[in-house]
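One structure is given here, and the rest of the page talks about it.
Protein chains: 2
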Amino acid sequence: MPHDQRPIGVFDSGVGGLTVLRALQAALPDEPTVYLGDTARVPYGTRSAATVVRYALNNARTLVKRADIKLLVVACNTVSAVALDALRQDLPIPVVGVIEPGARAALAAVGRVDAGIGVLGTAGTVRSGAYPRALAQRGHTGVATAVAAPLFVPLAEEGWTDGDVPRLVAARYLQALPADVEAVVLGCTHYPLLAPVIALALAESHPRARVVDGAAATAVDVTRVLDEQGLRAPSDTHPTHRLFVTDSPEQMARLSRAFLGREVSAAQIELIDVEMTA
Amino acid sequence: MPHDQRPIGVFDSGVGGLTVLRALQAALPDEPTVYLGDTARVPYGTRSAATVVRYALNNARTLVKRADIKLLVVACNTVSAVALDALRQDLPIPVVGVIEPGARAALAAVGRVDAGIGVLGTAGTVRSGAYPRALAQRGHTGVATAVAAPLFVPLAEEGWTDGDVPRLVAARYLQALPADVEAVVLGCTHYPLLAPVIALALAESHPRARVVDGAAATAVDVTRVLDEQGLRAPSDTHPTHRLFVTDSPEQMARLSRAFLGREVSAAQIELIDVEMTA
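Sequences listed follow chains A and D, in order. If you count by this note's numbering, then the first sequence holds residues 1 to 278, one letter each, in order. If you count by this note's numbering, then the second sequence holds residues 279 to 556, one letter each, in order.
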């Protein structure tokens with residue numbers, strides 16, 4: 001079987017995608033990775049589609065040029081919603097987003113194509129209609145309802161992940177979902193940090209529904225693509241993991257334990273400029 | 279008395295500075311204005327100082343070049359905290375920030391130089407130490423305590439300005455202030471929208487303290503500079519007001535009633551590129 005030692009590239013608008021990187025590193029412990037957080041231009045969720053496409057191409061080309069990646073994971077729901085086609089046309093390597101795996105995981109969780117499915121995401125992801133579209137493309141015939149939940153991002157970054165405030169915020173967002181939803185997709189990479197409190201609020205408002213996190217599903221999808229295309233790395237007990245940011249390594253360092261599951265110092269995070277070639 | 283028909287320029291990282299523009303238009307109804315919201319790069323509060331200076335110079339030069347402004351109001355606490363000196367060195371016109379007026383209004387509110395004063399702001403404003411420094415420069419000898427309150431921004435933008443969630447969030451931030459503070463400065467232009475609920479929470483936690491909003495004080499300062507330098511516009515019942523954004527006129531239009539006090543349609547908001555000359 002062929003091997004490919006090049007790293008998997010992962011990018012997000014900021015630190016949120018570290019939750020996807022964490023799931024990838026857990027599923028594929030031999031693979032080197034390189035992560036780019038475009039922290040100088042975060043957040044993407046409020047930007048126009050044209051701007052998001054431009055930023056996504058900047059980030060992707062930077063990872064190809066600087067790190068010679070073999071596969072790109074778009075660990076950002078906003079970018080996956082509006083820029084996946086542009087990235088696939090532009091890049092010579094496979095591109096995996098987070099929306100298709102999240103939609104597939106939701107359908108697997110409900111087990112029926114006509115079940116009601118809810119999605120919580122940024123304003124941009126909701127506006128794009130990407131989750132309902134991805135669900136319909138996989139045969140979903142039930143009602144898909146997407147609700148913007150922008151307060152979850154600062155709650156996650158502040159570390160306010162339990163107690164009254166996040167519970168009340170979650171309850172208020174979940175009120176907007178139909179009573180018969182059976183699964184709620186966390187459609188933003190920040191939200192897994194709030195999964196326990198969202199599950200608590202969901203048990204009150206929608207007792208039949210379960211929370212679906214697409215990060216693990218994304219790791220499954222990446223594994224499948226690597227295997228199909230003969231891109232798996234050789235067995236390695238110490239693969240290299242690099243972290244790039246476009247601003248403020250200190251902020252990523254501060255949030256690394258909560259989002260990546262391990263402490264990283266600012267000195268281990270490389271501050272770079274992205275290629276403004278798009 | 280000489281007159282100057284050129285507009286007053288106002289910029290902010292996004293829509294928050296519209297609360298300052300609103301105070302200016304109320305205090306100076308004859309003055310034409312031009313507002314630039316750098317919505318493509320918002321928020322500045324989490325960016326490094328070097329990045330904020332670069333963005334501020336881009337915005338200021340754009341207003342000078344495109345709109346021939348006679349005075350610049352930096353309606354952004356983050357920029358006022360770190361970039362005012364760079365702007366004053368770079369521009370041939372007077373520059374007024376929001377921190378000095380806010381500090382002066384707080385001292386006027388407490389009436390004593392040794393009173394405890396609290397400040398709520400973004401992480402960047404708090405980290406800069408700009409409010410304690412501005413207070414000390416005006417003779418304040420008491421304790422000044424600044425607390426980062428990042429959740430207030432999405433609460434204001436979501437329109438969640440009353441009820442349990444903002445009250446609990448405010449109470450939690452105010453807990454971090456010493457018991458003897460006598461004034462709390464709203465050190466971010468988004469926070470005036472939450473002033474009623476912050477005042478309610480403050481009455482519980484710090485019954486002797488009052489809320490200070492620097493926007494009105496900024497308008498007083500601008501009036502003084504215009505008068506001193508002979509820059510007042512001639513009397514005009516219909517001065518021109520222009521709004522620029524660097525991304526998503528729709529978002530500013532949606533928030534215009536809450537932040538500016540009147541409805542503006544997206545068609546009335548000009549989408550521009552800023553001068554990348556810094």
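Yeah, the Cβ is synthetic: ideal placement off N, Cα and C, and Gly gets one too.
Residues of its chain near residue i, where Cβ-Cβ distance is below 7 Å and the 5 sequence neighbours each way are ignored
i, result
"A/Thr122", "Gly45, Asn77, Thr78, Ala148, Pro150 and Cys188"
"A/Leu200", "Arg167"
"D/Arg284", "Asp346, Ile347 and Lys348"
"A/Leu91", "Ala60, Val64 and Leu72"
"A/Val82", "Ala49, Val52, Val53 and Ser128"
"A/Ala103", "Tyr131, Ala134, Leu135 and Arg138"
"A/Asp208", "At residue 208 of chain A the sequence reads Arg, which differs from the Asp that was named. Closer than 7 Å at Cβ, skipping near neighbours: Glu182."
"D/Gln507", "Pro372"
"A/Leu231", "Asp4, Lys70 and Leu71"
"A/Ser235", "Asp30"
Nearest-angstrom Cα separation, counted from residue j out to residue i
i, j, result
"A/Thr240", "A/Val34", "8 Å"
"A/Val119", "D/Arg540", "33 Å"
"D/Asp363", "D/Pro372", "11 Å"
"A/Glu270", "D/Val376", "34 Å"
"A/Leu255", "A/Ser248", "12 Å"
"D/Ala265", "D/Ala424", "Examination of residue 265 of chain D is not possible in this model, given that chain D is present from 279 through 556 alone."
"D/Thr515", "D/Phe289", "24 Å"
"A/Leu281", "A/Thr125", "Shown here, chain A extends from 1 to 278; a query on residue 281 of chain A therefore has no answer."
"A/Ala216", "A/Ala26", "9 Å"
"D/Ala407", "D/Leu455", "Correcting the residue type first, residue 407 of chain D is Gly in the shown sequence and not Ala. Taking the straight line joining both Cα atoms gives about 15 Å."
"A/Gln89", "A/Val225", "17 Å"
"A/Thr161", "A/Pro196", "8 Å"
"A/Asp164", "D/Met554", "44 Å"
"D/Asp392", "D/His418", "6 Å"
"A/Gln175", "A/Pro154", "20 Å"
"D/Ala545", "D/Ala531", "9 Å"
"A/Ala278", "A/Leu57", "Any answer about A/Ala278 is weak, because its pLDDT of 49 lies below 50 and its placement is not dependable; what the coordinates show is given next. Taking the straight line from one Cα to the other gives about 6 Å."
"A/Gln251", "A/Leu18", "13 Å"
"D/Arg488", "A/Arg242", "49 Å"
"D/Val542", "D/Pro307", "18 Å"
"D/Pro280", "D/Val388", "37 Å"
"A/Tyr55", "A/Ser80", "12 Å"
"A/Glu158", "A/Val169", "14 Å"
Beta bridge counterpart(s) of residue i as assigned by DSSP
i, result
"D/His516", "Partner(s): none; D/His516 has no beta bridge."
"A/Ile269", "A/Leu243"
"A/Asp30", "In DSSP, A/Asp30 forms no bridge with anything."
"A/Tyr35", "A/Val10 and A/Leu243"
"A/Val185", "A/Val119 and A/Val212"
"A/Leu71", "A/Ile8"
"D/Ala426", "D/Gly399"
"A/Leu96", "According to the sequence as given, residue 96 of chain A is Val; it is not Leu. Per DSSP, A/Val73."
Cβ of residue i within 7 Å of any chain C Cβ
i, result
"A/Val212", "Absent from the structure: chain C. Protein chains present are A and D."
The beta strand (DSSP E) enclosing residue i, as first and last residue numbers
i, result
"A/Ile117", "Gly116 to Gly121"
"A/Ala176", "Element bounds for A/Ala176: n/a, residue is neither H nor E."
Cβ neighbours of residue i in the same chain (closer than 6 Å, five flanking residues each side left out)
i, result
"A/Lys272", "With the sequence shown as reference, residue 272 of chain A is identified as Ile, and Lys is not the correct amino acid for it. Excluding positions up to five away in sequence, the list reads Phe244."
"A/Gly142", "Asp114, Ala115 and Gly116"
"D/Gly292", "Gly315, Thr317 and Val320"
"A/Pro32", "Pro7, Pro239 and Thr240"
"A/Val185", "Gly102, Ala106, Val119 and Val212"
"A/Arg47", "none"
"A/Ala171", "Ala201"
Span of the alpha helix (DSSP H), counted from its first residue to its last, around residue i
i, result
"D/Glu528", "Pro527 to Leu538"
"A/Asp90", "Leu84 to Asp90"
"D/Val319", "Checking the sequence shown, residue 319 of chain D turns out to be Arg, not Val. Segment: none, D/Arg319 is in no alpha helix (DSSP H) and carries neither H nor E."
"A/Ala109", "Ile99 to Val110"
"D/Ala477", "Ala473 to Ser483"
"A/Arg133", "Ala130 to Gln137"
Own chain, CB closer than 8 Å to residue i, minus 5 neighbours either side, in chain order
i, result
"A/Arg22", "Ala215, Phe259, Leu260 and Gly261"
"D/Val374", "Leu349, Leu350, Val351, Val352, Thr496, Asp499, Val500 and Val503"
"D/Pro470", "Thr297, Leu464, Asp491 and Ala493"
beta-carbon residue i near the ligand FMN non-hydrogen atom, thresh 6 Å
i, result
"D/Leu446", "The model depicted lacks the ligand FMN and carries no ligand whatsoever."
Worksheet item: Along the stretch 416–432 of chain D, what residues have a CB closer than 8 Å to any CB found in chain A?
Response: Pro428, Leu429, Val431 and Pro432
Discussion item. At a CB distance below 7 Å, what residues from the stretch 37–54 of chain A approach chain D? Give them in sequence order.
Written reply: Ala40, Arg41, Thr46, Arg47, Ser48 and Thr51
Worksheet entry | Members of the stretch 162–194 of chain A near chain D, C-beta cut-off 8 Å | Asp164, Val165, Leu168, Val169 and Arg172
Item to complete: Report the residues of the stretch 239–258 of chain A with a CB closer than 8 Å to any CB of chain D, ordered along the chain.
Response: Asp247, Ser248 and Gln251
Worksheet entry | Cβ-based contacts, 8 Å cut-off: residues of the stretch 85–105 of chain A near chain D | none
Practice prompt. Could you please tell me which residues of the stretch 473–507 of chain D, in chain order, have their CB closer than 8 Å to any CB of chain A?
Written response: none
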